Amino acid sequence: MAAEYGFDTLQIHAGANPDPATGARQVPIYQNTAYVFRDADHAAALFNLQELGYIYSRLTNPTVAALQERVAALEGGVGAVACSSGHAAQIMALFPLMMPGANFVTSNRLYGGSVTQFAQTFKRFGWEARFVDFEDTSAIRKNIDENTKAIFCESIANPGGYITDLDKIGKIADKAKLPLIVDNTSATPYLCRPFEHGATQVVHSTTKYLSGNGTSMGGIVVDSGNFDWTASGKHPSMIEPEPAYHGLKFHETFGPLAYTFHGIAIGLRDLGMTAAPMNAFQTLLGIETLSLRMEKHVANAKKVAKYLQGHKAVEYVSYAGLSDNPYARRAKKYTPKGAGALFTFGVKGGYDACVKVVDNVEIFSHVANLGDTRSLIIHSASTTHRQLTDEQRVAAGAGPEVVRVSIGIEDPNDLIADLDQALTKATAKSKRKKK
Amino acid sequence: MNKQDRKLKSILDDCKSVAMVGVSANVVRPSYFVGRYLSLKGYQVHPVNPVYAGQNLFGGMTCGSIEELAATGQEIHMVDIFRRSSEAGDVVDQAIEHLLDRGLKAIWMQIGVTDPKAAKRAKKAGLRVVMDRCPKIEYQRLTGELSIGGFNSGVISSKLR
């Protein structure tokens, strides 16, 4: 659905018409679990999906609904389902598509936590994740078989420096009649719009840039409404009679709204990974300034990355916003407003030097997070990507000498000074004891 | 509200008497959802389906054909088509033949139903046409009900509803 309004207007207004019950201008926090029905017939109609209304906050809640509509509008999708975390969003996105014995083809350039979730825990559902270098399109095609149900990648890949060639992947997915799910967390819809490049679903950890303030866990799955479930025929849950709803066929009944309806009526209802109203509220507040924050994040990231490139203790900087990065041209195409604010750099002195850098920063916060107004730093190899094999770590861009930074919106001079003093301490030659 | 939404809203506001062609009495069928909902929202529903001829559905007596419906003399503002695209043209032609002097204003084809040639004929006869949309869903979207499910309604308003 093409937006009639500008991004800056949607980030404040989408999903947030004045509260009809009170006239409240800001979205109220509906800290409430259950809702009264008009009468028995109304209740039955809600349970049968014949009418839309509030039944129980595990499925729908007005504050969470506002967040869902806002993110759907910003991504240019038809609907969204919010949940408790980005990890939950990944399960929710795949849940209508997968079944025991099914597989999905995924980029190997992912957040470390996603690699672990896909490679280890999904096995318990009988889901197989096939990790592929998405620069090798023939390898992607080779890994698609009759049991493949989806393709997955990140737009700006964590820990940074790589942009996926979404148009190319989108074409492969389209030809194979598969949905393409893109994790757009590191970019946000302000910097990248995956639906414009062939993605059919987008997931976010709303915990990150969307909220921007590091207060609230959350995730969301957005549907473009563009995938033809009937033409594909690979996803029975979207086209076959659903026993839990007396034989209703989701795609036939709801058309482009089917996947979102399924996410609420089956996904949230039965898995219960519901977003908390308070968290949705905090996230809505954060989104009101998304464009402004992302501009500042990107401007700062460029300054800091350039500075680090010239630093004597830095081996290399991997940031697609630098003109000599191999994906700089791709960044101009997919993230024209900037390649995000998440990137890595290699420290001379390897693993041990990295540990010293992280231990010596004063303004940068040593946390496992990204997308906060505060600048964050982490040594991926010993933390976010710890559970991976050496091979997986290097493939994901998180080798032993790599430090990842999420550049915040502080004064960039302070960030530069902080990194300088930490790098200097980390790579200083040890002083010999005076005799 | 953009031009397209204003068009849809005006059709939904003007056409209070709706002939639903191909409607089903089976509670899980999409057409049942629509018939029930429109009736709930105050629309007068006129079911047309030979399978259910004579039965009262959604407050209306089911006719076996559009011709039969026209013979009842009632005012019909809109024909809502729940048939395959290949059959929609025939429905449109019957509507033009029998319902123009019953006050017919619009043809509405459901999700997945399109026939551009038939749409042209309908427009030539002075009718407004909507294709590949559901009146229930559009009603829900434009009134904010769809927002409950986290759907992108496309409606921005700072006015108190």
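Chains A and B, in that order, give the protein sequences. Take the position in the first sequence, starting the count at 1, then add 3; the result is the number in my numbering. Take the position in the second sequence, starting the count at 1, then add 106; the result is the number in my numbering. We put the CB at the ideal spot given by N, CA and C, even for glycine. Computed from a predicted model, the values in this text were never measured in an experiment.
I'd like to check one pair, residue j with residue i: are the Cβ atoms closer than 8 Å?
i: Ile166(A); j: Ala401(A); result: no
i: Met184(B); j: Ala212(B); result: yes
i: Arg267(B); j: Gly250(B); result: yes
i: Ser235(A); j: Lys180(A); result: yes
i: Ser117(A); j: Phe137(A); result: no
i: Met102(A); j: Gly266(A); result: no
i: Pro156(B); j: Gly170(B); result: yes
i: Thr254(A); j: Leu100(A); result: Residue identity check: residue 254(A) is His in the sequence provided, not Thr. Going by C-beta atoms, His254(A) is not nearer than 8 Å to Leu100(A).
i: Ala356(A); j: Ala429(A); result: yes
i: Asn150(A); j: Thr376(A); result: no
i: Tyr319(A); j: Gly349(A); result: yes
i: Ala228(B); j: Val198(B); result: yes
i: Arg234(B); j: Ile117(B); result: yes
i: Met167(B); j: Ile187(B); result: no
i: Phe367(A); j: Val405(A); result: no
i: His90(A); j: Gly222(A); result: yes
i: Gly163(A); j: His388(A); result: no
Taking DSSP as the reference, what is the three-state secondary structure of residue i?
i: Ser227(A); result: coil
i: Glu243(A); result: coil
i: Pro162(A); result: coil
i: Asn162(B); result: strand
i: Thr376(A); result: coil
i: Leu251(A); result: strand
i: Ser321(A); result: strand
i: Leu183(A); result: strand
i: Met4(A); result: Note on Met4(A): pLDDT 44, under 50, position unreliable in the model; the coordinate value appears next. Three-state result, Met4(A): coil.
i: Gln123(A); result: coil
i: Arg396(A); result: helix
i: Val235(B); result: strand
i: Gly260(B); result: coil
i: Val135(A); result: strand
i: Ala37(A); result: strand
i: Val127(B); result: strand
i: Ala85(A); result: strand
i: Ser368(A); result: strand
i: Met95(A); result: helix
i: Ser116(B); result: helix
i: Arg208(B); result: helix
i: Met167(B); result: strand
i: His388(A); result: coil
i: His207(A); result: strand
Using only the alpha-carbon positions, how far apart do residue i and residue j sit?
i: Thr347(A); j: Ile419(A); result: 15 Å
i: Asn35(A); j: Ser60(A); result: 7 Å
i: Met4(A); j: Gly79(A); result: With a pLDDT of 44 at Met4(A), under the threshold of 50, the modelled position of this residue cannot be trusted; read the value that follows with caution. The straight-line gap from Cα to Cα measures roughly 6 Å.
i: Arg296(A); j: Ala92(A); result: 24 Å
i: Ser253(B); j: Arg73(A); result: 10 Å
i: Val370(A); j: Leu113(A); result: 18 Å
i: Ser378(A); j: Asp417(A); result: 11 Å
i: Ile380(A); j: Gly260(B); result: 39 Å
i: Leu422(A); j: Val360(A); result: 8 Å
i: His505(A); j: Gly173(A); result: With chain A running from 4 to 438 in the structure shown, residue 505(A) is simply not present.
i: Pro23(A); j: Ala308(A); result: 48 Å
i: Thr277(A); j: Ala85(A); result: 7 Å
i: Gln246(B); j: Ala69(A); result: 16 Å
i: Thr203(A); j: His204(B); result: 43 Å
Can you tell me where the beta strand (DSSP E) holding residue i begins and where it ends?
i: Glu157(A); result: 151–157
i: Val361(A); result: Here Val361(A) belongs to no beta strand (DSSP E); instead the alpha helix (DSSP H) covers 353–363.
i: Asp186(B); result: 184–187
i: Asn106(A); result: 106–110
i: Gln150(B); result: 150–154
i: Thr347(A); result: 345–350
i: Arg333(A); result: That residue, Arg333(A), is in no beta strand (DSSP E); its alpha helix (DSSP H) goes 331–337.
Give the range of the alpha helix (DSSP H) segment to which residue i is assigned.
i: Gly141(B); result: 136–146
i: Met215(B); result: First-last for Met215(B): 212–215, but that is the beta strand (DSSP E), not the alpha helix (DSSP H).
i: Leu271(A); result: Careful: Leu271(A) lies outside any alpha helix (DSSP H) and carries neither H nor E.
i: Pro241(B); result: 241–249
i: Leu418(A); result: 415–430
i: Ala202(A); result: Looking at the DSSP string, Ala202(A) is not in any alpha helix (DSSP H), and its letter there is neither H nor E.
i: Phe264(A); result: 261–265
Should residue i be flagged as near chain D, meaning a C-beta pair shorter than 8 Å?
i: Gly270(A); result: Given the protein chain composition of this structure (A and B), no chain D is represented.
Flag this pair as touching only if the stretch 178–195 of chain A and the stretch 154–164 of chain A have three or more C-beta atom pairs under 8 Å; answer yes or no.
yes
Taking one C-beta from the stretch 166–176 of chain A and one from the stretch 115–124 of chain A each time, how about it: are there three or more such pairs within less than 8 Å?
no
Evaluate the contact criterion for the stretch 289–305 of chain A versus the stretch 5–18 of chain A: three or more CB pairs, one atom per stretch, below 8 Å.
yes
When you compare the stretch 182–193 of chain A with the stretch 139–150 of chain A, are there three or more beta-carbon pairs, one atom per stretch, that lie closer than 8 Å?
no
Cβ contact check for the stretch 137–144 of chain B and the stretch 42–62 of chain A: 3 or more pairs under 8 Å:
yes
Any contact of the stretch 297–305 of chain A with the stretch 268–284 of chain A, i.e. 3+ C-beta pairs under 8 Å?
no
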